[in-house]
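Numbering (my numbering), first residue to last: 47 to 340.
In this text, a Cβ means the ideal position worked out from N, Cα and C, and glycines have one as well.
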């Protein structure tokens, strides 16, 4: 569903590294084993963060873009009680592979606002904060996907304090057959970021880093001169940590929060070599861009 969310590539390197805090977009509370339990079938609830690892989770790659989500403290996996395939099935922790095939696997999907949703392989239902509860101790469940904030989560790395990276590969435009391109493969500061026919070259191999920078050949996608106005041209530059190099997934593309504007193909042109720019976010094909490699 282009424009609503972006699915991670099913092949290639995992964007997840180390342990993460999984925080509800509704309550701001963390996914955790109840009372820091290590027991089989302990409820998975939301609570304030803890230092014992019961609110920390790692992502273990499986097939076709699914992951086991493993609790750091107990070593058990996020699961659905009794392998239920119905809405309302309760979230528990359970040892790997011991209830039903796929019941302990989840597909992470990055939403347009940068949050994540998780879909159970067995039921195809979404991990859900019941009724958008903000109360600590609420047990999570699976429910029919609604795109609501109670099915959205923020991931925060325990080691870096940031979110997961994306994959590596081409960033595909909503304009058919076109990609985000580094002119001539030249990684010098000031080289323009342009539109070009997708060709699989290294000059189109980008990565979305944990700090929400889009990187290629050791450089970052940059709004020239720190500009924030409509029409500000985009280039690559040494990564500086500046706000003009931050690109958050937004509405199927990328938004630069420093300017409040989006990565844009001027006039939705199909002309190879067109320099890309900042422009007011409008959700058109000119501002649709995939995650790298998706």
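Annotation for residue 107: the continuous beta strand (DSSP E) segment containing it runs 103-107. When DSSP states are grouped into helix, strand and coil, residue 81 belongs to the helix group. Of the residues assessed, residue 121 falls on the exposed side of the cut-off, its CB having fewer than 16 other CB atoms within 10 angstroms. When the beta-carbon positions are compared, residue 199 and residue 68 come within less than 7 Å of each other.
According to DSSP, residue pairing for residue 243 in a beta bridge involves 224. Put simply, the backbone Cα of residue 223 is about 11 Å away from that of residue 217. The C-alpha of residue 112 is placed about 25 Å away from the C-alpha of residue 80. Runs of the beta strand (DSSP E) spanning 3 or more residues and lying entirely within the stretch 283-321 occur at 294-296, 299-302 and 307-310, in chain order. If you check the CB distance, residue 72 and residue 195 come in under 7 Å.
Counting along the chain, no beta strand (DSSP E) covers residue 217, and no H or E run does either. Listed in chain order, the non-local C-beta contacts of residue 142 below 7 Å within the same chain comprise 114, 123 and 150, local neighbours out to five positions each way being set aside.
With contacts defined by Cβ atoms closer than 7 Å, residue 267 and residue 239 form a contacting pair. Its chain contains 91 and 93 as the residues whose beta carbon lies nearer than 7 Å to that of residue 183, once the 5 sequence neighbours on both sides are disregarded; these appear in chain order. Residue 180 carries a coil assignment under DSSP once its states are collapsed to helix, strand and coil. Look at the beta carbons and you see the stretch 270-282 touching the stretch 320-327: at least three pairs across the two are nearer than 8 Å. In the three-state scheme derived from DSSP, where H, G and I count as helix and E and B as strand, residue 195 is classed as helix. In the displayed model, residue 237 falls within coil according to three-state DSSP, outside both helix and strand.
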